[in-house]
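One line per chain: the protein sequences are A and B, in this order. For the first sequence, full-length UniProt numbering assigns the number 1 to the initial residue and increments by one for each residue that follows. For the second sequence, full-length UniProt numbering assigns the number 1 to the initial residue and increments by one for each residue that follows. In this text, a Cβ means the ideal position worked out from N, Cα and C, and glycines have one as well.
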Amino acid sequence: MAAVLESLLREEVSVAAAVRWIARSAQSSEDDPGEAAALSSLRPLRKEFVPFLLNFLREQSSRVLPQGPPTPAKAPGSSAALPGRPGGPPRGGRGARSQLFPPTELSSAAAAEAPSARRGGRRRGPGPGRERGGRGPGGLEEGVGGESQPWTGGRRSRGAGSPGSPSLVRSDPPNLSNLEEFPPVGSVPPGPAGTKPSRRINPTPVSEERSLSKPKTCFTSPPINCVPSSQPSVLDTSPWGHGLPPGCRSLQEEREMLRKERSKQLQQSPSTTCPTSELGPPLPSWSGNLTAESADPARVSSRQRLELIALVYSSCIAENLVPNLFLELFFVLQLLTARRMVATKDGDLEPSPGAPDSLESPLFQSVHDCVFFAVQVLERQFQVLSYLDKGTLKLLAENERLLCFSPALQGRLRAAYEGSVAKVSLAMPPSAQAVSFQPETDNRANFSSDRAFHTFKKQRDVFFEVLREWEDRHEEPGWDFEKGLGSRIRAMMGQLSAACSHSHFVRLFQKQLLQMCQSPGGTGGTVLGEAPDVLSMLGADKLGRLRRLQERLVAPQSSGGPCPPPTFPGCQGFFRDFILSASSFQFNQHLMDSLSLKIRELNSLALPQPEPSDEDGESDVDWQGERRQFAMVLLSLRLLAKFLGFVAFLPYRGPEPPPTRELQDSILALRSQVPPALDVRALLQQGLRARRAVLTVPWLVEFLSLADHIVPLLDYYRSIFSVLLHLHRSLVLSKESEGEMCFLNKLLLLAVLGWLFQIPTVPEDLFFLEEGQLDALEVDTVASELGLDGMPVVDQHLLYTCCPYIGELRKLLASWVSGSSARSGGFVRKITPTTTTGLGAQPPRTSQGLQAQLAQAFFHNQPPSLRRTVEFVAERIGSNCVKHIKATLVADLVRQAESLLQEQLVTQGQDGGDPAQLLEILCSQLCPHGAQALTQGREFCQKKSPGAVRALLPEETPAAVLSSAENIAVGLATEKACTWLSANITALIRREVKAAVSRTLRAQGPEAAARGERRGCSRACEHHAPLPSHLISEIKDVLSLAVGPRDPEEGVSLDHLEQLLGQLGQTLQCRQFLCPPAEQHLAKCSVDLASLLVADHIPVLGPPSPRGLERGQARRLLHVLLSLWKDDFQVPVPLQLLLSPRNVGLLADTRPREWDLLLFLLRELVEKGLMGRTEIEACLGSLRDAQWPKDFSEELATLFRLFLAEPHMPEPQLRACELVQTNRGTVLAQS
Amino acid sequence: MILTKAQYDEIAQCLVSVPPTRQSLRKLKQRFPSQSQATLLSIFSQEYQKHIKRTHAKHHTSEAIESYYQRYLNGVGRNGAAPVLLELANEVDYAPSLMARIILERFLQEHEETPPSKSVINSMLRDPSQIPDGVLANQVYQCIVNDCCYGPLVDCIKHAIGHEHEVLLRDMLLEKNLSFLDEDQLRAKGYDKTPDFILQVPVVMLCPLAVEGHIIHWIESKASFGDECSHHAYLHDQFWSYWNRFGPGLVIYWYGFIQELDCNRERGILLKACFPTDIVTLCHSVA
């Protein structure tokens, strides 16, 4: 490898040829024969070049970037102290220098001894950096960060343990055998800026949200080919882990270089594991010396060499030969912002005059070199830079080093910054509302039984209760999801017995997931940098948000470096933990089914069609809508796919890959016969064919990011990775031609793919080794010239939303500016893409016959809004048509059914016979009428659709277009309605008739009589009558006074009694507030009151003391009651209670007993027709059966005879009775 | 009448071990003349119910029942016209209507071959004339008309009050031209949980001190005072369930509530003691 670089440096080979050579396996005709010859000898190394180059650059920069840029989260101090710090900032790593990297000192030494070891070996030696951190409590992560991790590449672990990312190791016990942390006494403690050559610093996410990942095990590129592997790696023969090409092993240059490196390191450090510098100058204290060296273009050493390598490097980036574009940019920006060079040997600081252009001398000899190199690369990446957010552009444009080294680039960046306009914003709906109840899907008819319905009712409530509790408490320290909610969730899931209940619950779960997590705000994490988030937080007053804000301020670093592992930020964490805690096989299966269906549905959704770009104003408005729709669909898909991946691979996820080859083989054999949860390969191929990669790939990446270690080894998924690699390579940003993908679309795909290639479960060497199998990908994109890919559907906001890690670039630059949190808010992130590609023809996507094709063709040349309008109208009218039929035809049939049923009941008696049989008879008569539904439905659609289309289309729509649109809408609506009706009308009629039958039969029941017909208020009524509740309460008070016990001075005034009865009359006339139970109680109370009046039991207030009522007064009140009973009560009044033994018995207590009022009352009841004589006679008869005192019985018998003796009760006789009022003897004598 | 927790506690403190009679109510009104009668009655009733729930079990042991029954028999043996049952209830600090039920049940057990069914007992309590023993009938009736917290009459009054306030609320909604679905309509459509009203078009209620208003999708009318105990029960059984299905909404406690309970506004459950006046409808006009 070095040979290639050398020959480049010696100008034996041109950069262009070299890049061509790297990019393509075959030689190109453009190649100079001499160059070709020079390169062909190195052919076996071709694949190795890029990883070599990347590692070489990292290697070379090691003295500049040992600890990366200072970030506020990073505590200054010696590295030795850092690893053990228990409370280190959780994300405090310097977030950068990622992973790339060469072997440790130890391993390089070992490598020198065993150079033939397989490249990319995964066994790591007992080197430093065993510590692993970042194990969050979240489910996925469990076990991931275990103590023994034989599978993990040494490179990774080293990264995790390097002092540059202290946070990683915070929770692990100190490792006393670690010389790095506990150096031998007497040695100089290695400063973080020290000579420790480990440069693989992984920004380590240490938070519960970043579960799933191994702590910082993302990789960037394989190490140079000398990582030792004493044990054979299981991957050695796997298709993804080829051994090193044989030519490489014998390469003398490589060995030479390694030896030099090693000796250099050995000189620097007394022991292999404790690379402190004895010979070098005292280490600059990192904490004490934050100021950066100034960089001077004039002091750059070996310009030519740097230029050349920058060119090669840039070309590799441009050709997408590097796995992750943004990671390289990050690295370059690190070089740009390097603070100072760590001096090693004096000699190193001087360019070696003898071999200025060879690899013998360090590439970066000073900060000036680094900055020079960085600027060189940045100049060539301007196009990408210009698409970054405004904040990053501003920071770049204001970077004094950049200005100093390349005023031209600075000028272009400034122009890009000034020209960037915020135009498109994603107006996401507010999240966190509950999924609403929809009768169509949620009411009783959708459940198999009442029990299932009510169970689900409860489950919905439990689910939201759990969700609310999570919202309130998940940020509390010490709160644990499983402990807090686990048992409740499992209890709830346990009730979901029927499959139908599972599907209901899954629907609820999925809807809520989409509702809460789809919008970036719902993810809870910083998506676009601090500023907007902080603002939105300040606007809110929720305690939790304030707490989050506080955390953010204390630990500003948030996003976990340029390659964070997959996480479930914010609300997503709830859903993940819910799935884990539920641990229900049925639930997971239903969830996967449902997610797959929704993914398919959204993935195939017809999204924006090409719009003629010349109608600027209007189309711009439309485009905002299109973009928003695209963004919504894309974000939903990503979310769903992530959860699908999570659930689908959950059973297979383990902390580590299988430890032995045999085990892996057997697992592979097993797994290869399991069909995928969703045929993502087919969807990917369809997506590529339809040129919808920009929609399909981002969600596929989310799905794959949650795969387990075995997945990439399975044939099925291997072929997917193969396609993705090919796609990645093909997305050359500089190619901008007709039919090419839009720039930001490409950038999005590059970003997500680059990220995927860093996921721990994706084999690290996959990117560089997978080649030559591209035939697997026979994607025929010729068929469609222009799908979504060619349309500017991705805007900057969406890019940053999907790939928040791009924001790390800005953070890096910002930390350079201030060394602390000088982030000024207000980044404007939205730039309207300037690319609008030409629009081609869209072939018909379906083949539903000629008409459908014609309709498609018709829409082709119309604005997309027309199509949407027509489809929308058709959809709505079709749906309304069904409702219309239900309200008219079906309702008529139900009425017929009711009258038929009434007839039936009349002829067959009250009973009517067996309800089921009745229903059958009715249905057989009525269902044939359902056939009319189709005719009526057609008429309805015919009538309603055109008007709706006309109202929704612009007025200038040409008449012909309008009428075609109307006809298509009519056709589509009719088709929709008739399809539904013909399939369902009979069932619908049946259901409605059944409901009517049970209603009618119920109405025959005993309660029906009580309901009866009721009168309402009179028209003039203003509803000012006293409230029934008040009256009952008042009457109750009178009754309680009358029944006692009472204080001597207590009583009722006559006025009050009269007033009360007056109010009762008003209340009974105004029916506004009266409900039957209240009226029934009023009736009963009024009867009780009458009985008390008759028995003279009501204590009337008045001078001198409470006494009985006068007869006349009592009779007047009874008159009022009689007329209320007769005219105003609409419920039956229990008048027979007047003659109940208890009420009549009240008379027994009074002495002398006065019977005249009772007799009066009885006569009046008969007179007014309130009670029949016979009824009264029956009551009196039964009274005699009761046990009374002897004298009372006698008097009662007399009353009875008296009442019977007067068959017809004319008025005068009443008077006669009155005349004898007080004299019992007289009354009795008369009889 | 919105009370602070402290104000509420002061009232509740006065209600400890007060029998549920009209005399007690009269005294309570004199003690807190500034509070509305309805609010006081509602608080009294709820506090008393809490008290009864706590002590219910001890009155239902077979020993207790036997001893009450014997005391009753002895009492009416001496004088059937005296308020034996009512005084017994007051003496042992139990609700008169519930004491009547205990004695009635015991009486029927003794006099009927089969143990009395619940519906028979309820029916006799509603209409004591059906009680075969005249003396007991009078005693039971006396207990019922003198009990202001339990019994069929009180139940009816509470039900009527609830109904009346729903009607009132409906009138207000109609008056404001807010279209809604009521409980019956919702039930007919098959909703599993039914607030009193769902607004077909949500409104925003403005609050004097808050910048933002509160969205209201549904309204529930509660003709009682919102104390901690009942509010939490309602939250669990009703309000959160409504929120889970229909989003944020409004609860009107017509007889007031404890101010501190109105803490879920941000979450979407808003408490008021009357119909809100400052409502904004979708067309941005102040209703």
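C-alpha gap between arginine 692 of chain A and glycine 787 of chain A, whole angstroms: Along the first sequence, read from residue 1 onward, the residue named residue 692 of chain A stands at position 692. Along the first sequence, read from residue 1 onward, the residue named residue 787 of chain A stands at position 787. Arginine 692 of chain A and glycine 787 of chain A have their C-alpha atoms roughly 6 Å apart.
From A:Lys483, A:Gln932, A:Arg460, A:Asn320, residue whose alpha carbon lies closest to that of phenylalanine 246 of chain B: Reading the second sequence from its first residue, position 246 is the one you call residue 246 of chain B. The shortest C-alpha separation from phenylalanine 246 of chain B is found at A:Arg460.
Residue(s) in a DSSP beta bridge with leucine 270 of chain B: Start at 1 with the first residue of the second sequence, and residue 270 of chain B comes out as number 270. According to DSSP, leucine 270 of chain B bridges with B:Leu250.
Consider the Cβ of valine 1043 of chain A: report whether some Cβ of chain B lies at a distance smaller than 8 Å. To locate residue 1043 of chain A, count along the first sequence from 1; it is residue 1043. Chain B contact via Cβ: present.
Nearest-angstrom Cα distance between proline 1077 of chain A and alanine 160 of chain B? For the purposes of this step, residue 1077 of chain A is taken as residue 1077 along the first sequence, with counting starting at 1. For the purposes of this step, residue 160 of chain B is taken as residue 160 along the second sequence, with counting starting at 1. Cα-Cα distance, rounded: 8 Å.
Measure from the C-beta of lysine 142 of chain B to each C-beta in chain A and report whether the shortest distance is under 8 Å. As a first step, residue 142 of chain B is located in the second sequence; it is residue number 142 there, counting from the start. Looking at the sequence provided, one finds glutamine at residue 142 of chain B rather than lysine. Taking Cβ atoms only, chain A reaches closer than 8 Å to glutamine 142 of chain B, which makes this a yes.
Starting from the Cα of alanine 641 of chain A, find the closest Cα among A:Ser1182, A:Ser672, A:Leu597 and give me that residue. To locate residue 641 of chain A, count along the first sequence from 1; it is residue 641. For the residues A:Ser1182, A:Ser672, A:Leu597, the minimum Cα distance to alanine 641 of chain A belongs to A:Leu597.
Along the stretch 192-216 of chain B, where does the CB come closer than 8 Å to a CB of chain A? Name the residues. Asp192, Lys193
CB leucine 409 of chain A to CB phenylalanine 372 of chain A, shorter than 8 Å? Position 409 of the first sequence holds residue 409 of chain A. Position 372 of the first sequence holds residue 372 of chain A. The answer is no: Cβ separation not under 8 Å.
Determine, using beta carbons only, whether glycine 573 of chain A comes closer than 8 Å to chain B. Translated into positions along the first sequence, residue 573 of chain A becomes position 573. By this cut-off, glycine 573 of chain A is not an interface position.
Between the Cα of aspartate 577 of chain A and the Cα atoms of A:Phe481, A:Leu918, A:Ser672, which residue gives the shortest distance? On the first sequence, position 577 is the one that residue 577 of chain A refers to. Ranking the options by Cα distance to aspartate 577 of chain A, first place goes to A:Phe481.
Strictly below 7 Å CB to CB, what residues from chain B border isoleucine 1032 of chain A? Looking up residue 1032 of chain A in the first sequence gives position 1032. Near isoleucine 1032 of chain A (Cβ distances below 7 Å), the residues of chain B are Leu153, Cys156, Ile157, Ala160.
Residues in its own chain within less than 7 Å of glutamate 1164 of chain A by CB, not counting five upstream and five downstream? As a working note, residue 1164 of chain A is residue 1164 in the first sequence. Leu1122.
Just how far apart, CA to CA, sit cysteine 218 of chain A and arginine 661 of chain A? Counting from one through the first sequence, the residue named residue 218 of chain A turns up at place 218. Counting from one through the first sequence, the residue named residue 661 of chain A turns up at place 661. Residue confidence for cysteine 218 of chain A is low, a pLDDT of 36 falling below 50, so the modelled location carries little weight and cannot support an answer.
Could you round the C-beta distance between phenylalanine 858 of chain A and serine 964 of chain A to whole angstroms and report it? I think they count as a contact, below 8 Å. Along the first sequence, one-based indexing puts residue 858 of chain A at 858. Along the first sequence, one-based indexing puts residue 964 of chain A at 964. The pair is a contact, with the Cβ atoms about 6 Å apart (cut-off 8 Å).
Are the beta-carbon atoms of serine 1182 of chain A and leucine 1146 of chain A separated by less than 8 Å? For the purposes of this step, residue 1182 of chain A is taken as residue 1182 along the first sequence, with counting starting at 1. For the purposes of this step, residue 1146 of chain A is taken as residue 1146 along the first sequence, with counting starting at 1. No, the pair does not count as a contact, with Cβ atoms beyond the cut-off.
Determine, using beta carbons only, whether glutamate 164 of chain B comes closer than 8 Å to chain A. On the second sequence, residue 164 of chain B is found 164 positions in, with the first residue counted as 1. Closer than 8 Å to some Cβ of chain A, the Cβ of glutamate 164 of chain B qualifies, so yes.
What do you reckon, are the CB atoms on cysteine 1075 of chain A and cysteine 1017 of chain A nearer than 8 Å? The sequence position of residue 1075 of chain A within the first sequence is 1075, counting from 1. The sequence position of residue 1017 of chain A within the first sequence is 1017, counting from 1. It is not a contact, given that the beta carbons lie outside the stated cut-off.
Could you spell out the range, first to last residue, of the beta strand (DSSP E) harbouring serine 117 of chain B? Locating residue 117 of chain B in the second sequence gives position 117, where the first residue counts as 1. Run containing serine 117 of chain B: none; DSSP gives neither H nor E here.
Where the alpha helix (DSSP H) containing isoleucine 161 of chain B begins and where it ends: By 1-based counting over the second sequence, the position of residue 161 of chain B is 161. Counting along the chain, the alpha helix (DSSP H) containing isoleucine 161 of chain B begins and ends at 152-175.
In chain order, what residues of the same chain lie with their CB nearer than 8 Å to the CB of leucine 1027 of chain A, ignoring the 5 residues before and after it? Taking the first sequence and counting its residues from 1, one reaches residue 1027 of chain A at position 1027. Only Thr1067, Phe1073 meet the Cβ criterion.
Anything in chain B within Cβ reach of glutamine 1072 of chain A, meaning under 7 Å, just list it in chain order. The count along the first sequence starts at 1 and reaches residue 1072 of chain A at position 1072. In chain order: Val167.
If we require 4 or more residues per run, which alpha helix (DSSP H) segments fall completely within the stretch 377-407 of chain A? List check, alpha helix (DSSP H) in window: 382-386, 390-397, 400-405.
Given 8 Å, three or more beta-carbon pairs between the stretch 461-468 of chain A and the stretch 483-497 of chain A: Under the three-pair Cβ rule at 8 Å, the stretch 461-468 of chain A counts as touching the stretch 483-497 of chain A.
Give every residue of the same chain whose Cβ lies closer than 6 Å to the Cβ of glycine 687 of chain A, excluding the five residues on either side of it in the sequence, and list them in chain order. By 1-based counting over the first sequence, the position of residue 687 of chain A is 687. Hits under 6 Å: Ala693, Thr696.
If you check the beta carbons only, do alanine 969 of chain A and alanine 874 of chain A fall under 8 Å apart? Stepping through the first sequence from its first residue, residue 969 of chain A is reached at position 969. Stepping through the first sequence from its first residue, residue 874 of chain A is reached at position 874. Their beta carbons are under 8 Å apart, which means alanine 969 of chain A touches alanine 874 of chain A by this criterion.
Contact criterion: CB-CB distance below 8 Å. Does arginine 22 of chain B meet it with respect to chain A? Within the second sequence, the letter at position 22 stands for residue 22 of chain B. Yes, its Cβ sits closer than 8 Å to a Cβ of chain A.
If you draw a straight line from the alpha carbon of arginine 689 of chain A to that of proline 946 of chain A, how long is it in whole angstroms? Numbered from 1 along the first sequence, position 689 holds the residue referred to as residue 689 of chain A. Numbered from 1 along the first sequence, position 946 holds the residue referred to as residue 946 of chain A. Each residue's Cα considered, the two are about 36 Å apart.
Given this structure, state the Cα-to-Cα distance separating proline 128 of chain B from threonine 114 of chain B, to the nearest angstrom. One-based indexing of the second sequence puts residue 128 of chain B at position 128. One-based indexing of the second sequence puts residue 114 of chain B at position 114. If you take the alpha carbons of proline 128 of chain B and threonine 114 of chain B, they lie about 20 Å apart.
Backbone CA spacing between histidine 1024 of chain A and histidine 1030 of chain A [nearest angstrom]: The sequence position of residue 1024 of chain A within the first sequence is 1024, counting from 1. The sequence position of residue 1030 of chain A within the first sequence is 1030, counting from 1. Distance between the alpha carbons of histidine 1024 of chain A and histidine 1030 of chain A is about 13 Å.
Give me the chain D residues within the contact set of phenylalanine 246 of chain B, using Cβ-Cβ distance strictly less than 7 Å, ordered along the chain. Absent here is chain D; the protein component of the structure consists of chains A and B.
Going by C-alpha distance, which of A:Arg1111, A:Thr337, A:Glu328 is nearest leucine 813 of chain A? As a working mapping, residue 813 of chain A is identified with position 813 in the first sequence. The shortest C-alpha separation from leucine 813 of chain A is found at A:Thr337.
I want to see whether chain A comes within less than 8 Å of lysine 189 of chain B, judged by CB atoms only; does it? Working through the second sequence from its first residue, we reach residue 189 of chain B at position 189. Closer than 8 Å: yes.
Answer yes or no: do isoleucine 52 of chain B and alanine 95 of chain B have a C-beta to C-beta separation smaller than 8 Å? For the purposes of this step, residue 52 of chain B is taken as residue 52 along the second sequence, with counting starting at 1. For the purposes of this step, residue 95 of chain B is taken as residue 95 along the second sequence, with counting starting at 1. Result yes, Cβ atoms of isoleucine 52 of chain B and alanine 95 of chain B sit closer than 8 Å.
So leucine 329 of chain A and leucine 809 of chain A are in contact, right, with Cβ under 8 Å, and what is the actual spacing, rounded? For this step, residue 329 of chain A is matched to residue 329 along the first sequence. For this step, residue 809 of chain A is matched to residue 809 along the first sequence. About 6 Å; that satisfies the 8 Å criterion.
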